[in-house]
Amino acid sequence: MSTETTTTNETAADVNQRGLIDRLTASPFVSRLLSNRLALAGIAIIVAMVVAALYARLFLDLEVITQSQLGTNPNRAAPSLDFPFGTDGQARSLLPRVAYGAWYAMLFGTVTVAASTVLGVGLGIVAAYYSDVTDNVIMRTMDVLLAFPSLLLALALVAIFPDELGLWRAVAALTLVYTPRFARVVRGAALTVLENEYIDATVALGAADPRVLIRHVLPNCLAPITVQSTLNFGLAIIDLAALSFLGFGAEAGTPSWGLMLSNGVSQGLLTGVWWWSFFPGFFLALTVLGFNLLGDGMRDALDPRMREAVD
Amino acid sequence: MISTRFVLKRLLLLVPVLVGVASLVFSILHLSPGDPALTIAGERASEEFVRQIEESLGLNDPIWVQYGRFLVDAAQFQFGESFIIQRNTAVREVLANKLPVTLELAIYGQLIGISLGIPLGILSAVKQDSITDHLTRIGALAGISVPIFWSGPLLILLFAQVLGWLPTSGRISVLYNVEAIRVTGLVTVDTLIAGNWEMFVSAVRHMILPASVIGVYSMALISRMMRSSMLEVIRQDYMRTARAKGQGAKITVLKHGFRNAMIPVITVIGIQFGGLLGGAVLTETVFAIGGIGTLLVEAIKVGDYPIVQGTVLTFAFLFTLVNLGVDITYSVLDPRIEQ
Numbered sequence: 001m002s003t004e005t006t007t008t009n010e011t012a013a014d015v016n017q018r019g020l021i022d023r024l025t026a027s028p029f030v031s032r033l034l035s036n037r038l039a040l041a042g043i044a045i046i047v048a049m050v051v052a053a054l055y056a057r058l059f060l061d062l063e064v065i066t067q068s069q070l071g072t073n074p075n076r077a078a079p080s081l082d083f084p085f086g087t088d089g090q091a092r093s094l095l096p097r098v099a100y101g102a103w104y105a106m107l108f109g110t111v112t113v114a115a116s117t118v119l120g121v122g123l124g125i126v127a128a129y130y131s132d133v134t135d136n137v138i139m140r141t142m143d144v145l146l147a148f149p150s151l152l153l154a155l156a157l158v159a160i161f162p163d164e165l166g167l168w169r170a171v172a173a174l175t176l177v178y179t180p181r182f183a184r185v186v187r188g189a190a191l192t193v194l195e196n197e198y199i200d201a202t203v204a205l206g207a208a209d210p211r212v213l214i215r216h217v218l219p220n221c222l223a224p225i226t227v228q229s230t231l232n233f234g235l236a237i238i239d240l241a242a243l244s245f246l247g248f249g250a251e252a253g254t255p256s257w258g259l260m261l262s263n264g265v266s267q268g269l270l271t272g273v274w275w276w277s278f279f280p281g282f283f284l285a286l287t288v289l290g291f292n293l294l295g296d297g298m299r300d301a302l303d304p305r306m307r308e309a310v311d
Numbered sequence: 001m002i003s004t005r006f007v008l009k010r011l012l013l014l015v016p017v018l019v020g021v022a023s024l025v026f027s028i029l030h031l032s033p034g035d036p037a038l039t040i041a042g043e044r045a046s047e048e049f050v051r052q053i054e055e056s057l058g059l060n061d062p063i064w065v066q067y068g069r070f071l072v073d074a075a076q077f078q079f080g081e082s083f084i085i086q087r088n089t090a091v092r093e094v095l096a097n098k099l100p101v102t103l104e105l106a107i108y109g110q111l112i113g114i115s116l117g118i119p120l121g122i123l124s125a126v127k128q129d130s131i132t133d134h135l136t137r138i139g140a141l142a143g144i145s146v147p148i149f150w151s152g153p154l155l156i157l158l159f160a161q162v163l164g165w166l167p168t169s170g171r172i173s174v175l176y177n178v179e180a181i182r183v184t185g186l187v188t189v190d191t192l193i194a195g196n197w198e199m200f201v202s203a204v205r206h207m208i209l210p211a212s213v214i215g216v217y218s219m220a221l222i223s224r225m226m227r228s229s230m231l232e233v234i235r236q237d238y239m240r241t242a243r244a245k246g247q248g249a250k251i252t253v254l255k256h257g258f259r260n261a262m263i264p265v266i267t268v269i270g271i272q273f274g275g276l277l278g279g280a281v282l283t284e285t286v287f288a289i290g291g292i293g294t295l296l297v298e299a300i301k302v303g304d305y306p307i308v309q310g311t312v313l314t315f316a317f318l319f320t321l322v323n324l325g326v327d328i329t330y331s332v333l334d335p336r337i338e339q
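These protein sequence lines map, in sequence, to chains W and G.
Residue 119 in my numbering is what sits at position 119 of the first sequence, and the numbering runs on without skipping anything.
Residue 25 in my numbering is what sits at position 25 of the second sequence, and the numbering runs on without skipping anything.
Right, here's the structure in full:
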C-alpha cells in the first residue's frame, strides 16, 4: 500500500477521534436513545451487571466459591443477614456464586455475540457483494441452519465438542446457531447500500473488493448490526444458561446461573428451597431484560416512524 | 384464493432445504465423538461382538454409502432402532409415542399466547403512549426476558408447594393409567373420549402451569409484534379514508386494520411455534413431562444416535412445515404475495 493512502487514513482517524463526542451528542440517534427512559433503564441494568461481573472476577476467589463449605457454614440456610441469598447443599454462600455467575454470563455472552456478529457480517456482506453463486451457496446454507429451532440445533451441535470444553462448547454451538440471523440482516442492509452511486464511484476509481466492503459498505450497515447484536445478547445469555441447565454447558460445580438453576430445580423444588432457583434466575432475567430494553430503544431510535403521534 | 401451483412451488422449494437439514444432522452425528457399536455392545464386550454390530449397522461401509442410505431412510422416516433408551424399539414408534405429549403442550401454550397476545397488542397500539400501552410493553419485555426455566420453578414453588392448588409435575395423576385409554396421545383429549371426567380434570390441572409458562412467553412476543404492526397499519391512508367516510373507530381497526396487521404477526406465531418446540426441551425438563424434548436430552447424554437423528429431524421437519403453513396463510391474507 502506498504512503499516500496511509496518510489519508491517519487524518481520517484523527478527525474521527477529535469530533467523536461532538458527533455523538449531535447525532439524532443518540439523543433519541437517551431521551427514552426504558432504554436508559436498560443501560443502567447492564452497567450494574458489568460492575458486578468485574467485581466478582477481580475480588472473588473462584476456588473458595466452588469448594464445599460443609462444617463452616450452615447447610441449606435460608437467606439471612449473614447469607443474603442463603446457602446451597454444600453450605456455600449463594451471594458470591450468583455474582460470579454475572461474570460468566457477560464473558461467554460477549464472546458468543461477537463471534456470530463477525461471522454473520462477513458472510452477509460477501453474499450481497458477489451475488449469484456465492450468494446462493451462502444463503441456502444459512436457510438450512434456520430450519431448526435454535435451542435444538445448539443441543445437537454441542454434542460434537468434547466435554472438557465446558461452557466453550455451548459458545461454539450458539455462535453457529446465531450466525445466519446476522448474515440475513446484513445481506439485506448491504444490498441497499450497494445500490448507492458512491459504491459505483469507488469501484470505478479502482478500489479493491476488500476496501469497498470494509470502508464503504460495512460502515453503512452498522445500525442494523448493532441493534441485532444487542437484542441477540439477551438471547445468548438465556441460551447459554439453558444449555448449562440441561447439562450441556458449564462443568459441575461452576457458579454459572444455568447450573445453579438446574440444581434448584432438581433438588430444591420439592423440598421448598426457593432461594436456589430464585436468585440466579432473577439476575439472569434482569440482565436479559437490560439488553432487551436497550435493544428495543435502539430500534425505536433508528425508526423515526414509530415516534410520530397517531391522530 | 390459494392456487395449487403456489403450494406446489413452495413444496418443491422445501426439498433442497430438507436434504440440507438431513445432511447436517448426518454430519453432526458423524463428527460426534463416541462409537455407536461400542455404545450398544457395552464397554466390556468382546472385540468380535463389537465388529459384528458394526457390520450389522453398516458402519464399515464407505461414508458415501452410509450417507446415501441415511437419506433414503430419512425420506421414509426410518431411523432404525433405539440403541439404549428403548432397546430394539423402532425410533419411529418411540417418536410416535412421545410427539403428542410435546405437541399438546405447544398447542395449549400457543393458544394462551394468541388469545391474550393479539388483543393486548391491538389495545396497546390503539392507545399508544397511554398507561395501558406502557404497562403492556413493559410486561411484554419482561415476558420475553424471563427464562422458562426460572418462571417454571417459581410457579411450581408457589402454586404447588406453598398454596397446594396444582400438581408439581407430570401429565396426569399417577393413579390413572393413560396408556389404557390412548387414542390420540393427547391426554386432555383421550380422557374426554374415554368419558372419564375425573381423569380429564386431573389432566387439565397438570397442564395449567406448563402451558401458562409457555403461554406467557409467546403472549409477550405476539403482543409486541401485533402492536408494532398495528401502529404501522393505523397510519395508512386507507385507514384515514375509512374514518373519513364516517366509519366508527372500532370497526375500522378491527375490519381494515386487523387483517393487514396480521401478516407479520403470523410470521411471529410461526417462528414462535418453532421456538416452542425447542423450548419444550426446557419446559418438559422443569415439569418432568416425558415428551420428545426430554427424550432428545436423554438420547444425547447416553449416545442413542438413532433417537437423536430421528428427534432432531422430526423437529426440523415440523418447523419447516409450520413455516410453509405461514407462507400459505400469507397468500390468503394478501393475495399479492403470490406473485
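Note that beta-carbon positions come from the ideal geometry of N, C-alpha and C, so glycine has one too.
Original post:
If G:Leu-318 and G:Leu-277 are in contact, beta carbons under 8 Å, what's the gap, nearest whole angstrom?
Top reply: With a Cβ gap of about 6 Å, G:Leu-318 and G:Leu-277 count as contacting.
Original post:
Less than 8 Å separating the beta-carbons of G:Arg-69 and G:Gly-80?
Top reply: No. Outside cutoff.
**OP:** Taking W:Val-186 and W:Ile-125 to be in contact with their CB atoms under 8 Å, please state how far apart those CB atoms are, rounded to whole angstroms.
**Re:** For W:Val-186 against W:Ile-125, the beta-carbon gap comes to about 6 Å, under 8 Å, which counts as contact.
Original post:
Contact check, G:Ser-218 vs G:Gly-109 under 8 Å by CB: the rounded distance?
Top reply: About 6 Å separates the CB atoms of G:Ser-218 and G:Gly-109; that is less than 8 Å, so the two are in contact.
**OP:** My understanding is that G:Met-199 touches G:Tyr-176, with C-beta atoms under 8 Å, so please give their C-beta distance in whole angstroms.
**Re:** G:Met-199 to G:Tyr-176, Cβ: 5 Å. Contact.
Original post:
Is any beta-carbon of chain G found at less than 8 Å from that of W:Trp-275?
Top reply: Taking Cβ atoms only, chain G never reaches closer than 8 Å to W:Trp-275, which makes this a no.
Original post:
Roughly how many angstroms separate the alpha carbons of W:Glu-164 and W:Glu-251, rounded to a whole number?
Top reply: Between W:Glu-164 and W:Glu-251, the C-alpha separation is close to 8 Å.
Subject >> Beta carbon proximity, G:Val-17 to chain W, threshold 8 Å >> reply: For G:Val-17, the nearest beta carbon of chain W is closer than 8 Å to its own beta carbon.
**OP:** Give the DSSP-derived three-state secondary structure of G:Glu-81 in the structure shown.
**Re:** Three-state result, G:Glu-81: strand.
Subject >> Among W:Ser-31, W:Phe-108, W:Gly-234, W:Ser-229, nearest to W:Gly-120 - alpha-carbon criterion >> reply: Among W:Ser-31, W:Phe-108, W:Gly-234, W:Ser-229, the Cα nearest to that of W:Gly-120 is on W:Ser-229.
**OP:** Identify whether G:Ala-90 lies in helix, strand or coil by the three-state DSSP scheme.
**Re:** In the structure shown, G:Ala-90 sits in a strand (DSSP, three-state: E or B).
**OP:** Classify G:Thr-191 as buried or exposed, calling it buried when 16 or more other Cβ atoms lie within 10 Å of its own Cβ.
**Re:** Around the Cβ of G:Thr-191, a 10 Å sphere holds 16 or more other Cβ atoms; the residue is buried.
Original post:
Residues of chain G with CB under 7 Å from W:Val-144, in chain order?
Top reply: Neighbours of W:Val-144 on chain G, chain order: Val-17, Gly-20, Val-21, Leu-24.
Original post:
Closer than 8 Å, CB to CB, is G:Leu-154 near chain W or not?
Top reply: At least one C-beta of chain W is nearer than 8 Å to the C-beta of G:Leu-154.
**OP:** Name the two residues that bound the continuous alpha helix (DSSP H) containing G:Thr-241.
**Re:** DSSP places G:Thr-241 inside the alpha helix (DSSP H), whose first and last residues are 237-244.
Subject >> Chain-ordered neighbours of G:Leu-157 on chain W, where CB pairs are closer than 8 Å >> reply: Result: Leu-269, Gly-272, Trp-274, Ser-277.
Original post:
Does the beta-carbon of G:Val-101 have 16 or more other beta-carbons within 10 angstroms, so that it is buried, or is it exposed?
Top reply: The residue is buried, with at least 16 neighbouring Cβ atoms inside 10 Å.
Original post:
Per the contact definition of three or more C-beta pairs closer than 8 Å, is the region 73-87 of chain W in contact with the region 270-281 of chain W?
Top reply: Cβ pair count under 8 Å is three or more, so yes.
Original post:
Are there 16 or more other CB atoms within 10 angstroms of the CB of G:Pro-16, so buried, or fewer, so exposed?
Top reply: Of the residues assessed, G:Pro-16 falls on the exposed side of the cut-off, its CB having fewer than 16 other CB atoms within 10 angstroms.
Original post:
Counting Cβ pairs, one atom from each stretch, are 3 or more of them under 8 Å apart for the region 288-301 of chain W and the region 27-39 of chain W?
Top reply: The answer is yes - the region 27-39 of chain W touches the region 288-301 of chain W, with three or more Cβ pairs under 8 Å.
Original post:
Any residues in the region 282-303 of chain G with a beta carbon nearer than 8 Å to a beta carbon of chain W? Which ones, in chain order?
Top reply: Cβ contacts with chain W come from Leu-282, Thr-285, Val-286, Leu-296, Val-297, Ile-300, Lys-301.
**OP:** Report yes if the C-beta distance between W:Gly-258 and W:Ala-236 is below 8 Å; otherwise report no.
**Re:** For W:Gly-258 and W:Ala-236, no; Cβs fall outside 8 Å.
Original post:
Should W:Ala-156 be flagged as near chain G, meaning a C-beta pair shorter than 8 Å?
Top reply: It does; some Cβ of chain G falls within 8 Å.
Original post:
What is the DSSP secondary structure of G:Leu-295, reduced to helix, strand or coil?
Top reply: Under the three-state reduction of DSSP output, G:Leu-295 falls in the helix class.
Subject >> Partner residues on chain W for G:Gly-139, Cβ-Cβ distance less than 9 Å >> reply: Neighbours of G:Gly-139 on chain W: none; closest Cβ ~11 Å, over 9 Å.
**OP:** For W:Arg-307, count neighbouring Cβ atoms within 10 angstroms of its own Cβ and tell me buried if that reaches 16, exposed if not.
**Re:** The predicted position of W:Arg-307 is uncertain, since its pLDDT is 47 and thus under 50; a value taken from the coordinates is nonetheless stated next. Exposed, because fewer than 16 other Cβ atoms sit within 10 Å of the Cβ of W:Arg-307.
**OP:** Please confirm if the region 1-12 of chain G is in contact with the region 66-74 of chain W, defined as three or more CB-CB distances below 8 Å between the two stretches.
**Re:** Verdict: no, contact absent.
Subject >> Span separating the alpha-carbon of G:Gly-290 from that of G:Arg-171 >> reply: Separation of G:Gly-290 and G:Arg-171 (C-alpha to C-alpha, rounded to the nearest whole angstrom) is 8 Å.
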